[in-house]
Structure formats: C-alpha cells, structure tokens
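J.: Numbering (my numbering), first residue to last: 34 to 302. From the three backbone atoms N, C-alpha and C, an ideal C-beta is built for every residue, glycine too. From a predicted model like this one, the values you see are computed outputs, not experimental measurements. Supplied in structure tokens, the structure appears directly below.
Printed below as a string of structure tokens:
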C-alpha cells in the first residue's frame, strides 16, 4: 500500500507510526513546525526536512548517511517492522521525499497519505495539539539502496552515453530557462538531454491526491518519457523529484532513482 486513503488512516490510527513531514518553501512565509504544534493528525511525529538533511553538504536537502538515519529512527521509536505513514500540509512533495528516504534506507512498509493534511482537514477528520512522548528503540537495521541515488559525475557521464533518461520535476518556465532560478548563483535552463514533467501535473488539484495510474501513464507518454527504460528524477533540490519518483513507482512498481544534488548542484555557475 504505497498510497493510503484518509478513511483507511482514520480507521487504523493506533496500528501505524505517523510522520508529519510538512515543509514549505521559504517564500511561502509558513512555518511547518508551528503549524504542527497547533494541529496535526493524532499520534503524528513531526519530521523536519531541513533538520534531517546532510548539514555538511553545500547543497540543500542532501541525503544523510546511514548512521545518522539509524540513530534518528531509533530516537523516533521506530522498529523495522513498523508500518510508517507519512503526510504533509503541502502538495505532497515533502511527504514523498520522506517516503523515498525511508525506502532508500530499506524500510519496507511505508505509505503516503493520499491527499495529505489538506484532504484530512477538508473531511473534518480528527486533529489534536497533543504531542506524544516517544519511547526510543535501541535496535534498527538499515539496508541502504545505493543504486537509488545518482551523483553529478554519473549525470555528466550520462549526457555523453545516454544510459538512463533524466526527468526534471521543475516548472516548464524554469526548465526552459525562461525565468531565473529561485536559488542564487544558478544558471537558467536544464541539464542537456533531460525531459520535463512538472511535479504538480501528477496531482489532482481539486483533491490533492495522486492522479490514477492510467492518467499518470498518459502524462508520462505525453511528455515523451518511456517508463520501461531506466529513469532518474531531478528537480531543484531533490524534493519534488520524489513526487515523480512515487508516480513512477505507482506506474511501474520499480524503485525511484533520484539525482540528489539536482539543479542546485548541477546548475551552479
């Protein structure tokens, strides 16, 4: 169950571990942790994307190492056999990033709440301000899937040898170089040879849920993306790429592969 419904989660709140992975772009003037403290799904633990990314990297939101990830999950009281449900209060992108990270480090049972907190609130499902005390665990085994992340050297080599298709989740305007990048010091445009599927096009704007499998297949085909071939997803900083990664998983049942540095790294002037 990669995607779960609000109804399913409401009926199984006590049987799963829940992460609120909300994160907002700086220009939104929203503070995810403050919003979480005012209301969240019962039993949800707040997971901070900035806090749990590699702080030693010059690029935003890079994946941490397996030691950090192991300690973090034990601090959150997670065991290997827990069913983890992730959600966010945005367009599903930070929830998808946490879904990808958990899968990358080998956690088997991970689901994303389809429609996220927006849909949950719309349906007037239960919310709380209560933050539960976490009982830490002392044993968690990671199983890192190194092949699911690409680095800049591999991306540069691929421009010459075309061993995989790179698909960019940024907006059409950014991809085409018609607007400046929101982060300073970056070139305009895209990585040579890449295709473009803006991540928002995977989501039904009326319900904030993923489009159906047949709609996603059509979307990939319309953008000349052959999902039978090896694909790597990128974006601005490796976050919204994970929306495409989840869509790809829904279509193909194959693990998503992400260029973690994305355009923040590749597009540096």
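Taking the beta strand (DSSP E) that residue 77 falls in, what are its first and last residues?
T.: 77 to 79
J.: Assign residue 95 to one of two classes, buried (16 or more other C-beta atoms within 10 Å of its C-beta) or exposed (fewer than that).
T.: Per the 10 Å Cβ criterion, buried.
J.: Under 7 Å: does the beta carbon of residue 263 sit that close to some heavy atom of the ligand ZN?
T.: Of the ligands one can find in the structure shown there are none, so the ligand ZN has no counterpart to examine.
J.: Return yes when the Cβ of residue 124 is within less than 8 Å of the Cβ of residue 250, no when it is not.
T.: no
J.: Over the uninterrupted alpha helix (DSSP H) stretch that includes residue 283, give me the two end residues.
T.: 274 to 285
J.: Skipping 5 residues on each side, what residues in its chain have a beta carbon closer than 7 Å to that of residue 102?
T.: 138, 175
J.: Please report the distance separating the alpha-carbon of residue 110 from that of residue 35.
T.: 22 Å
J.: Hey, residue 268 and residue 296: beta-carbon distance below 8 Å or not?
T.: When the beta-carbon positions are compared, residue 268 and residue 296 come within less than 8 Å of each other.
J.: Per DSSP, what kind of secondary structure is residue 39 in: helix, strand or coil?
T.: In this structure, residue 39 counts as helix in the three-state DSSP scheme.
J.: Does the distance from the CB of residue 226 to the CB of residue 192 come in under 8 Å?
T.: yes
J.: What are the partner residues of residue 243, as DSSP defines its beta bridges?
T.: Residue 243 pairs with 236.
J.: Please say whether residue 75 and residue 270 have beta carbons closer to each other than 8 Å?
T.: no
J.: Should residue 261 be labelled buried (16 or more other beta-carbon atoms within 10 Å of its own) or exposed?
T.: exposed
J.: Closest to residue 47 by CA distance: which of 115, 231, 243, 90 is it?
T.: 115
J.: By Cβ distance, which residues of its chain are closer than 6 Å to residue 292, with the 5 residues on each side in sequence left out?
T.: 183, 188, 265, 267
J.: I'd like to know whether the C-beta atoms of residue 52 and residue 289 end up nearer to each other than 8 Å.
T.: In this structure, residue 289 does not lie closer than 8 Å to residue 52 by Cβ.
J.: Is residue 67 helix, strand or coil when you go by DSSP?
T.: helix
J.: Quick one, which of 172, 41, 224 has its alpha-carbon nearest residue 107's?
T.: 172
J.: Pull up the DSSP beta-bridge partners for residue 267, would you.
T.: Bridge partners of residue 267: 201.
J.: Cα-Cα, which of 286, 282, 159, 218 is closest to residue 331?
T.: With the chain represented from 34 up to 302, any question about residue 331 goes unanswered, as that position is not in the structure.
J.: In three-state DSSP terms, what is residue 189?
T.: helix
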